[in-house]
Amino acid sequence: TGCNIENSSFGASNCAERTAIFKAVSEGHSDFDRIAVVSSSGEKTYPCGICRQVMSEFFHGDERIITEDKDGIYSYDINDLLPYAFKL
29 TGCNIENSSF GASNCAERTA IFKAVSEGHS DFDRIAVVSS SGEKTYPCGI
79 CRQVMSEFFH GDERIITEDK DGIYSYDIND LLPYAFKL
């Protein structure tokens with residue numbers, strides 16, 4: 029699990045998605061199945077660009093990114109949200 033960590037210097041903030049992924053990796057987990065991205069707003073919430081890039085580093089194609097709004101639940105793979113990810 030992860031939460032959004034705000035900081036007055038926006039560059040020092042960390043989104044919930046990255047917090048969850050980094051926490052899992054730091055605890056020895058590297059095989060991911062899915063990640064849920066939700067908000068209390070009731071609107072569909074998508075990962076930011078930095079989180080999408082981090083997901084592309086740790087996800088291998090089968091993992092699902094789940095989001096929801098008042099009309100339903102939606103499932104994407106990382107290539108749907110970041111089709112041309114940067115790779116070293």
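Residue numbers for the sequence shown follow this note's numbering, beginning at 29 and rising by one. Using N, Cα and C, we set each Cβ at its ideal position, and we do this for glycine too.
- Only buried fits leucine 110, as 16 or more other CB atoms lie within 10 angstroms of its CB.
- For a cut-off of 8 Å, the C-beta gap from alanine 44 to cysteine 31 is around 5 Å, short enough to register as a contact.
- Taking each of Glu96, Pro75 and Glu71 in turn and checking the Cα distance to asparagine 107, the smallest one comes out for Pro75.
- Judged by DSSP in its simplified three-state form, glycine 30 adopts coil rather than helix or strand.
- Isoleucine 94 and valine 65 do touch by the CB rule: their CB atoms are close to 7 Å apart, below 8 Å.
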